[in-house]
Amino acid sequence: SRQLRNRRRRNAVRQYTRRWRGLLQQFHQRAGERTDSILRYDINDRKKMDAVRDFLAKYSGALQGEGFFELLARYLAETLGMDFICIDRLEGDGLTARTVAVWCDGKFEDNLSYALKDTPCGKVVGKTVCCFPANVCQFFPRDQMLQDLRADSYVGVTLFGHTGRPIGLIAVIGRQPLANRPLAEDILQLVAVRAAGELERLDVEEALRESETRLNKAQQIAHVGSWELDILTNHLIWSDEIYRIFGLEPQ
Numbered sequence: 043s044r045q046l047r048n049r050r051r052r053n054a055v056r057q058y059t060r061r062w063r064g065l066l067q068q069f070h071q072r073a074g075e076r077t078d079s080i081l082r083y084d085i086n087d088r089k090k091m092d093a094v095r096d097f098l099a100k101y102s103g104a105l106q107g108e109g110f111f112e113l114l115a116r117y118l119a120e121t122l123g124m125d126f127i128c129i130d131r132l133e134g135d136g137l138t139a140r141t142v143a144v145w146c147d148g149k150f151e152d153n154l155s156y157a158l159k160d161t162p163c164g165k166v167v168g169k170t171v172c173c174f175p176a177n178v179c180q181f182f183p184r185d186q187m188l189q190d191l192r193a194d195s196y197v198g199v200t201l202f203g204h205t206g207r208p209i210g211l212i213a214v215i216g217r218q219p220l221a222n223r224p225l226a227e228d229i230l231q232l233v234a235v236r237a238a239g240e241l242e243r244l245d246v247e248e249a250l251r252e253s254e255t256r257l258n259k260a261q262q263i264a265h266v267g268s269w270e271l272d273i274l275t276n277h278l279i280w281s282d283e284i285y286r287i288f289g290l291e292p293q
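Numbered per the working numbering, the sequence shown finishes at 293, counting up by one with no gaps.
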């Protein structure tokens, strides 16, 4: 009858409505959980970036040179959960690099020079950042260090000098796939600015030492000396040869 058909139709509409309400409720619940997860993830990332800024601010000017690089290498290993960290200075034509700090499996290693060819570090030079989130050994089968480390993930960043020329790099290597690529890249790019400044400062200090050594050698050969007087403090500074001229031991 018509009444029976209408009743069945109404029942079908009610069941359909209840079913869709249930699905819609599940959707909103899952979406809310996903949103909460994303928010927590984003907040954690921001906290870690703030911690990196605090680290750089704390040691800005307080710790310089190789001491800073060693501290930075250990900090990056702990913050990013990576097994191997190296901070390098590029040499000559940029085809080789010499480490200024190497952290491997919880301890520092001796510095060394190495060729960049056939290594992921060679791919980094000139780029802002270079990342292999997993299976890095497959891309660089000739890199024996990666094979020995049983490396899986790699992130590297170029250190640019004030003229825009690449002067060094930072590489972090892990034995597990990279868990958070954007965070790792952001942290490395943030610390790269300070690290590049430190490398340039070391280069200036080394150039000054070499210049002073050449000057002292020239004065010794010519048997002439030089001196400086700070008129504010009345402090007199003699070159080594001045001491020799007066028969004194250089101080």
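We treat Cβ as the ideally placed atom computed from N, Cα and C, and that holds for glycine.
Residues bridged to Glu133 (per DSSP): Stepping through the sequence shown from its first residue, residue 133 is reached at position 91. Thr138.
Alpha-carbon to alpha-carbon, Ala213 and Leu81: For the purposes of this step, residue 81 is taken as residue 39 along the sequence shown, with counting starting at 1. For the purposes of this step, residue 213 is taken as residue 171 along the sequence shown, with counting starting at 1. Note that Leu81 scores a pLDDT of 41, beneath 50, so its modelled location is shaky and nothing firm can be said.
Closest by C-alpha distance to Val233, when choosing among Asn276, Met187 and Val171: Taking the sequence shown and counting its residues from 1, the one referred to as residue 233 is at position 191. Measuring from the Cα of Val233, the nearest candidate turns out to be Val171.
Member of Ala238, Ile279, Thr121 and Glu254 whose CA lies at the smallest distance from the CA of Asp130: For this step, residue 130 is matched to residue 88 along the sequence shown. Cα-wise, what sits closest to Asp130 is Ala238.
Chain-order list of residues whose beta-carbon lies under 6 Å from that of Leu225 (same chain, five-residue window excluded): Within the sequence shown, numbered from 1, the residue matching residue 225 stands at position 183. Excluding positions up to five away in sequence, the list reads Asp87.
Cβ-based neighbour list, Leu278, same chain, cut-off 7 Å, excluding 5 preceding and 5 following: What you label residue 278 is simply residue 236 of the sequence shown in a count that begins at 1. If we look at Leu278 and ignore the five residues flanking it on each side, its Cβ neighbours are Trp269 and Leu271.
Ser155 burial status per 10 Å Cβ neighbour count (16 or more: buried): Counting from one through the sequence shown, the residue named residue 155 turns up at place 113. By the neighbour-count rule (16 or more Cβ atoms within 10 Å), Ser155 is not buried but exposed.
Length at least 4, wholly inside the region 188 to 267: the alpha helix (DSSP H) runs in chain order: 223 to 264
Leu290 classed as buried or exposed, judged by whether at least 16 other C-beta atoms fall within 10 angstroms: Indexing the sequence shown from 1 puts residue 290 at position 248. Looking at its Cβ environment, which holds fewer than 16 other Cβ atoms inside 10 Å, Leu290 is exposed.
Extent of the continuous beta strand (DSSP E) run through Tyr156: Here the question's residue 156 lines up with position 114 in the sequence shown. Per DSSP, Tyr156 belongs to the beta strand (DSSP E) from Ser155 to Ala157.
Segment limits, alpha helix (DSSP H) that includes Val166: Position 124 of the sequence shown, counted from the start, is the residue given in the question as residue 166. That run of the alpha helix (DSSP H) goes Pro162 to Val166.
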